[in-house]
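**Student:** Below you'll find the structure I mean.
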Amino acid sequence: MTSDTPRQLIACAVLATALALLPIVAPNPYYLDLATKACLAAVVCIGLNLLSGYAGQLSLGHAAFFGVGAYASAILCAKVGITPVVAMLAGCLISAGIAYVMARTVLRLKGHYLAMATLAFGVIISIVLNREVALTGGPDGMSVPRFNLFGYRTTGVWAGYGLAAVALVLAVRTAIVFVNSRVGRALRAIGDSEVAAEGLGIDIARYKTGVFVISAVFASVAGSIFAHADRFVSPAEAGFMRSVEFVAMIVIGGLGSVAGSIVGATLLTLLPQLLAGFDHYRHFLTGLILILIMIFMPAGIVPTLLASGRALHDRYRPFGRSARSVTGRTSEG
Amino acid sequence: MAPLLDIHAVGVSFGGVRALDGVSFSTEAGRIFSIIGPNGAGKTTLFNVISGAYPAQQGKVVIAGRDMTTAPPSARAALGLQRTFQNLQIFGTMTALENVMVGGHLRQRTGFPSALLGLPSVAAESRAMRRRATELLDLFDLAGLGGAVAGELAYGQQKRLEIARALACEPRILLLDEPAAGLNPSETEDLANVIRRLAGMGIAVVLVEHDMRLVMAISDELLVLNFGRELARGTPAEVSSNPAVIEAYLGVEVD
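Those sequence lines, one after another, are chains A and B.
Counting from 1, one number per residue, gives the positions in the first sequence under the UniProt record's numbering.
Counting from 1, one number per residue, gives the positions in the second sequence under the UniProt record's numbering.
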């Protein structure tokens, strides 16, 4: 980590610069809106990747945590009149609480019970959001007040983008430091061999619970920002298909890769828009592209590219592989 | 002084099969205690009962004076018990260095809050652990391989890595499950020296091994299992002259 972490933090700074330059390079509300959605999806994916890519646990209900955050912000701001930052924190607490209770009950069991529980949780949240019309507006959704910080009001697409970009940079930095800590190593160990991890004194249930809560909070924060950026929320955002999309994003981008989370989220957010011109062939083409990526880059885009970069690097080095110091899935952050 | 590891009349059945039946032994710091016996004699089952992979149905497992019969593996590790695995369980996607760093999990303190906040102590702790892990890699002849992905190492290297990882948390009791399997004679000779050195450091080494020459050369005490029961126990000299052992087990080997 001594050599890796600073390099990764530089990557973080590059990302921040790129995000800051984007509105200047592309001062177009449509692009900014897409960039906002990509940033927020990336925040969800970074959290989800900590859970799935590192600790090896699948969640099929992460959109529900996104929904909890979005509706907590929407309802608390619009109906209760609470200030947005506090509403966002309340959403985090609710999401964390739900995740904690789910993990404590389900993670005592081995296997993919967490996937089943998250699937069920996602369905329940969808039903609640659709049926509690008085509170949520039902399938029609509800509008959300603007974000404001200490009375300073933000306006327009720019504000939503700014919030999303800041959230993404913070998420990346948090994830990089986290992954390279004792806790992150323990989680990766669990993902590789639970038997060995437990034998080394790692409390498996506690670590899985912790990372599940963290990933739920990442999704919740993204949901809250989304609500304010779009000024509107609907149950579709919390639906099962969205959860599957988040899983697809991290698989395509690369499990166990922070950069992969961003690439996957960006690709799957932009792809339907890029292919919009193909009309009804759009879905077919999206599917085809994803299948081709999975066939030719089964480890995901970022890990595959890094591996081939490493192979090229080794070929032009006299000492070859044994002298290399690249650390597999942590090195790219 | 109470023994460091005390196994008392342990019994385990799988369905109708009695895998372990009233097995007892105890061992002390700095001793090499070996468990031998034909395939299916219950050696690995005994290891799993000691390490907590599954609980003993009868009897007691006492570690450092504490009854840990029903405790999970992580609690036993906290008392200084470590093991290696017959079918290796290295962390295949992590680097060799990171494997050993995870080994030192119990010797580090960073928790979720400080890891999320990225406090300076987190990086400092990783640096210190990295130094210790590098030393352990050197000790096990893995110097220069710290950055290699552990799953891509050669078999013998992975075996040494597993022992290095187990040592990273400074265990008091180390269970080695067939460490010589798949090693050539000169590697086995190196292994014998490593095990002697571990015992010399005051670790209670418990060994399951098929390589009789290795076992006879390094063990202070032997337990011979047959069909889940104790067939004989004693020093290598006593065991190898025991008629029951010669008949049931060694007889085949000595010929």
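Ideal placement from N, C-alpha and C gives every residue a C-beta, glycine not left out.
In chain order, what residues of the same chain have a beta carbon less than 8 Å from the beta carbon of LEU9 (chain A), not counting five sequence neighbours either side?
**Tutor:** Cβ within range, chain order: ARG173 and ILE176.
**Student:** Let's test the definition: count the other Cβ atoms within 10 Å of the Cβ of SER3 (chain A) and tell me whether it reaches 16, buried, or not, exposed.
**Tutor:** Low per-residue confidence applies at SER3 (chain A): pLDDT is 45, beneath 50, and the placement is therefore not dependable, though the value from the model is reported in the following sentence. Classification for SER3 (chain A): exposed.
**Student:** Checking contacts by CB at 8 Å: is LEU170 (chain A) closer than that to chain B?
**Tutor:** Cβ-Cβ to chain B under 8 Å: no for LEU170 (chain A).
**Student:** PHE66 (chain A) and ALA222 (chain A) look like a contact to me (Cβ under 8 Å); what is the Cβ gap, rounded to whole Å?
**Tutor:** Rounded, the Cβ-Cβ distance is 6 Å, consistent with contact.
**Student:** Any idea what DSSP makes of MET297 (chain A), helix, strand or coil?
**Tutor:** It is coil, neither helix nor strand.
**Student:** Report yes if the CB atom of LEU191 (chain B) is closer than 8 Å to the CB atom of ALA180 (chain B), and no otherwise.
**Tutor:** Going by C-beta atoms, LEU191 (chain B) is nearer than 8 Å to ALA180 (chain B).
**Student:** Under 8 Å: do the segment 50 to 65 of chain A and the segment 161 to 171 of chain A share three or more Cβ pairs, one atom per stretch?
**Tutor:** Short answer: they don't touch.
**Student:** Please state whether the Cβ-Cβ distance between LEU161 (chain B) and LEU153 (chain B) is less than 8 Å.
**Tutor:** In this structure, LEU153 (chain B) lies closer than 8 Å to LEU161 (chain B) by Cβ.
**Student:** Three or more C-beta pairs closer than 8 Å, one from the segment 139 to 149 of chain B and one from the segment 33 to 49 of chain B: is that the case here?
**Tutor:** As far as the Cβ criterion goes, the segment 139 to 149 of chain B does not touch the segment 33 to 49 of chain B, which means the pair count is below three.
**Student:** What residues in the segment 123 to 138 of chain B bring their beta carbon closer than 9 Å to a beta carbon of chain A?
**Tutor:** Taking 9 Å as the Cβ-Cβ cut-off against chain A, the residues of the segment 123 to 138 of chain B that qualify are ALA123, GLU125, SER126, ARG127, MET129 and ARG130.
**Student:** Does the Cβ-Cβ distance between ALA219 (chain A) and THR36 (chain A) come in under 8 Å?
**Tutor:** Going by C-beta atoms, ALA219 (chain A) is not nearer than 8 Å to THR36 (chain A).
**Student:** Helix, strand or coil: how does DSSP classify ALA2 (chain B) here?
**Tutor:** Of the three classes helix, strand and coil, the one that applies to ALA2 (chain B) here is coil, per DSSP.
**Student:** Based on DSSP bridge pairs, tell me the residues matched to VAL233 (chain A).
**Tutor:** Paired residues: A:MET142.
**Student:** Roughly how many angstroms separate the alpha carbons of THR188 (chain B) and ASP177 (chain B), rounded to a whole number?
**Tutor:** Their backbone Cα atoms lie some 14 Å apart in a straight line.
**Student:** Count the other CB atoms, across all protein chains shown, that sit within 10 Å of the CB of SER331 (chain A); report buried if there are 16 or more and exposed otherwise.
**Tutor:** Unreliable placement is indicated for SER331 (chain A), whose pLDDT of 38 sits below 50; the coordinate value is still reported in the next sentence. Looking at its Cβ environment, which holds 16 or more other Cβ atoms inside 10 Å, SER331 (chain A) is buried.
**Student:** Closer than 7 Å to a non-hydrogen atom of the ligand SAM - does that hold for the CB of THR235 (chain B)?
**Tutor:** This structure simply doesn't include the ligand SAM, nor any ligand for that matter.
**Student:** Cβ of PHE232 (chain A) within 8 Å of Cβ of GLY162 (chain A)?
**Tutor:** No, they are not a contact pair.
**Student:** Does the beta-carbon of ASP192 (chain A) have 16 or more other beta-carbons within 10 angstroms, so that it is buried, or is it exposed?
**Tutor:** Under this definition ASP192 (chain A) is a buried residue.
**Student:** May I ask you to list the residues that DSSP assigns as paired with ILE35 (chain B)?
**Tutor:** Beta-bridge pairing links ILE35 (chain B) to B:VAL208 and B:LEU223.
**Student:** Have a look at THR134 (chain B) and ARG107 (chain B) and give me their C-alpha separation to the nearest angstrom.
**Tutor:** So the alpha carbons of these two residues sit roughly 15 Å apart.
**Student:** Identify whether ILE63 (chain B) lies in helix, strand or coil by the three-state DSSP scheme.
**Tutor:** In this structure, ILE63 (chain B) counts as strand in the three-state DSSP scheme.
**Student:** Buried or exposed: ASN28 (chain A), going by 16 or more other Cβ atoms within 10 Å of its Cβ?
**Tutor:** Exposed: under 16 other Cβ atoms inside 10 Å.
**Student:** Do you know how far the Cα of GLY264 (chain A) is from the Cα of PHE212 (chain A)?
**Tutor:** One C-alpha to the other measures close to 20 Å.
**Student:** Does PRO72 (chain B) get closer than 8 Å to chain A when you measure Cβ to Cβ?
**Tutor:** PRO72 (chain B) counts as touching chain A.
**Student:** Using the C-alpha atoms, what's the distance from GLY260 (chain A) back to ILE252 (chain A)?
**Tutor:** Each residue's alpha carbon lies about 8 Å from the other.
**Student:** Excluding the five sequence neighbours on either side, which residues of its own chain have a C-beta within less than 7 Å of the C-beta of PRO21 (chain B), listed in chain order?
**Tutor:** Residue identity check: residue 21 (chain B) is Asp in the sequence provided, not Pro. Correct list, in chain order: GLY11, GLY228 and ARG229.
**Student:** Kindly indicate if chain B contains any beta-carbon less than 8 Å away from that of ALA189 (chain A).
**Tutor:** Answer yes: the Cβ-Cβ gap between ALA189 (chain A) and chain B drops below 8 Å somewhere.
**Student:** Between the alpha carbons of ALA227 (chain A) and PRO139 (chain A), how many angstroms are there, rounded?
**Tutor:** Answer to the nearest angstrom: the Cα atoms are 15 Å apart.
**Student:** Nearest by alpha-carbon distance to ILE301 (chain A): which of A:ALA216, A:GLU237 and A:ILE250 is it?
**Tutor:** Minimum Cα distance to ILE301 (chain A) is reached at A:ILE250.
**Student:** Using 10 angstroms around the beta-carbon of ILE124 (chain A), count the other beta-carbons present and answer buried if the total reaches 16, otherwise exposed.
**Tutor:** By the 10 Å Cβ count, ILE124 (chain A) comes out exposed.
**Student:** Is the CB-CB distance between LEU97 (chain B) and GLY147 (chain B) below 8 Å?
**Tutor:** Cβ distance < 8 Å, so LEU97 (chain B) and GLY147 (chain B) count as in contact.
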